[in-house]
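Undergrad:
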Amino acid sequence: MLRKSFCDIFYPYEKVCIDENLMLYKGRLFFKQYIPSKRNRFGIKSYTLCDCKTGYVQDLIVYEGKSTVTESAIVSSLLQPYLGQGQYLGQGHTLYTDNFYSNPALFNFLHDSYTNACGTVKKRRQGMPKMEEELEKRKACFRAAKNLLAIKWMDKKEVYMISTIHTVNFEAVSRYGGEQSVQKPICIIDYNKSMGIVNKADMVLSTMVEKYSHNATGRQSRPANNPMRLTDRHFPTFCKPKNRRWKCSCY
């Protein structure tokens, strides 16, 4: 019901992305996850579909263990309302994913459904072409098939990408505050711009969870200008302290 409400309220723009999300949770739960790279290391992991323009969480699948679903099934399930059938086949969206989901077979399936895709990919993923060239820094090599482009880009380390929407063109990118200009493949530039939106949504969600959890437990202090806060003594009359004489005992 929650997933259906997410889809009914807002229709995404052209670019969408899928990534992992971690919602803070410190209670007892058998599928609670630990991800050290996230802002909240412990919590409930979910696979999230986000709109790249607004950051709206369009849909999600909660991770319940290794038997939840496979990588391709996650993408197909999240994109199912936008793939369509028959004469309504595909809506022309562009999907961005990381190397956990990306594979040539999935991207070809999305292309046949009139949905573009771009993402990083593992070097030894099934269906990937061999690219064994020794590249210098900021150099690239590529392989192209009917609908698919595979690129190997050398930055600080080797980066492999596949795309059904980009070409091998490069574009200048400024670095170090505009002091230096670097040529990068367009697919990598678009990927970096689009994939960061899930992390922003994760940060907003984490802030909201921390805020409401403090209010629920009463740990957050009241503001100083609260008119209901007591400022004087809590007793109606002044209680005079008793004089007590202390005796010193020597042995």
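Quick note: the sequence shown uses our numbering, first residue 983, plus one each step.
C-beta atoms are modelled at their ideal positions from N, C-alpha and C, and glycine is treated no differently.
What's the gap between the Cα of Q1108 and the Cα of P1086?
TA: Residue 1108 sits at position 126 when you count from the first residue of the sequence shown. Residue 1086 sits at position 104 when you count from the first residue of the sequence shown. Those two C-alpha atoms are separated by around 8 Å.
Undergrad: Between the stretch 1004-1018 and the stretch 1090-1102, are three or more C-beta pairs nearer than 8 Å?
TA: Touching, no, given that fewer than three Cβ pairs across the two stretches are closer than 8 Å.
Undergrad: Can you give me the Cβ contacts of Q1165 inside the same chain, cut-off strictly under 8 Å, excluding the 5 residues immediately before and after it?
TA: Mapped onto the sequence shown, residue 1165 falls at position 183. Result list for Q1165: R1120, F1152, E1153, A1154, V1155, in chain order.
Undergrad: Can you tell me whether P1167 is buried or exposed, with buried defined as 16 or more other CB within 10 angstroms of its CB?
TA: Against the sequence shown, residue 1167 aligns to sequence position 185. Counting Cβ neighbours within 10 Å, P1167 comes out buried, since at least 16 surround it.
Undergrad: Between C999, M1143, R1010, which has its C-alpha nearest L1131's C-alpha?
TA: Here residue 1131 corresponds to residue number 149 of the sequence shown, with the count starting at 1. Looking at the Cα atoms, M1143 is the closest of the given residues.
Undergrad: What three-state label does DSSP hand H1216 in the structure shown?
TA: Taking the sequence shown and counting its residues from 1, one reaches residue 1216 at position 234. Low local confidence applies: a pLDDT of 49 at H1216 is under 50, so the model's placement there is unreliable, and no value is given.
Undergrad: Go ahead and pull the three-state DSSP assignment for Q1108.
TA: The residue labelled residue 1108 in the question sits at position 126 within the sequence shown. Three-state result, Q1108: coil.
Undergrad: According to the neighbour-count rule (16 or more other Cβ atoms, all chains shown, within 10 Å of its Cβ), is I991 buried or exposed?
TA: Looking up residue 991 in the sequence shown gives position 9. By the neighbour-count rule (16 or more Cβ atoms within 10 Å), I991 is not buried but exposed.
Undergrad: Return the chain-ordered ranges of every beta strand (DSSP E) run that is complete within the stretch 1114-1170 and spans a minimum of 3 residues.
TA: You should have 1122-1126, 1131-1136, 1140-1145, 1152-1157, 1162-1167.
Undergrad: Beta carbon of A1122, beta carbon of M1136: below 9 Å?
TA: Taking the sequence shown and counting its residues from 1, the one referred to as residue 1122 is at position 140. Taking the sequence shown and counting its residues from 1, the one referred to as residue 1136 is at position 154. The answer is yes: Cβ separation under 9 Å.
Undergrad: For chain B, is any of its Cβ atoms less than 9 Å away from the one on L1092?
TA: This model lacks chain B altogether; it includes just one protein chain.
Undergrad: Please work out which residues of its chain come closer than 6 Å, Cβ to Cβ, to L1042, disregarding the five sequence neighbours upstream and downstream, and give them in chain order.
TA: Residue 1042 sits at position 60 when you count from the first residue of the sequence shown. Answer for L1042: S1028, T1030, listed in chain order.
Undergrad: Compare the C-alpha of K1139 against each of E1116, F988, M1005, R1010 and name the closest.
TA: Here residue 1139 is taken as the residue at index 157 of the sequence shown, counted from 1. Nearest option by C-alpha distance: E1116.
Undergrad: Taking G1037 and I1179 to be in contact with their CB atoms under 8 Å, please state how far apart those CB atoms are, rounded to whole angstroms.
TA: Your numbering for residue 1037 matches position 55 in the sequence shown. Your numbering for residue 1179 matches position 197 in the sequence shown. Contact flag correct, Cβ pair sits at about 5 Å.
Undergrad: Going by beta-carbon coordinates alone, are Y1078 and V1150 separated by less than 9 Å?
TA: The residue labelled residue 1078 in the question sits at position 96 within the sequence shown. The residue labelled residue 1150 in the question sits at position 168 within the sequence shown. Not in contact: Y1078 and V1150 (Cβ atoms no closer than 9 Å).
Undergrad: In the DSSP assignment, what are the bridge partners of L1077?
TA: For the purposes of this step, residue 1077 is taken as the residue at position 95 of the sequence shown. DSSP output for L1077 lists V998, A1099 as bridge partner(s).
Undergrad: Shortest alpha-carbon distance to L1238 belongs to which of S1019, Q1073, G1160, F1024?
TA: Past the boundaries of the shown model lies residue 1238; the chain is included only from 983 to 1233, so the question cannot be answered.
Undergrad: Of the choices A1099, K1104, N1174, R1010, whose alpha-carbon is the least far from that of S1058?
TA: Residue numbering aside, residue 1058 sits at position 76 when the sequence shown is read from its first letter. Taking only the C-alpha atoms, the option nearest S1058 is A1099.
Undergrad: If we ignore side chains and look at the alpha-carbon of each, how far apart do N1129 and S1145 end up?
TA: Your numbering for residue 1129 matches position 147 in the sequence shown. Your numbering for residue 1145 matches position 163 in the sequence shown. For N1129 and S1145, the distance between alpha carbons rounds to 9 Å.
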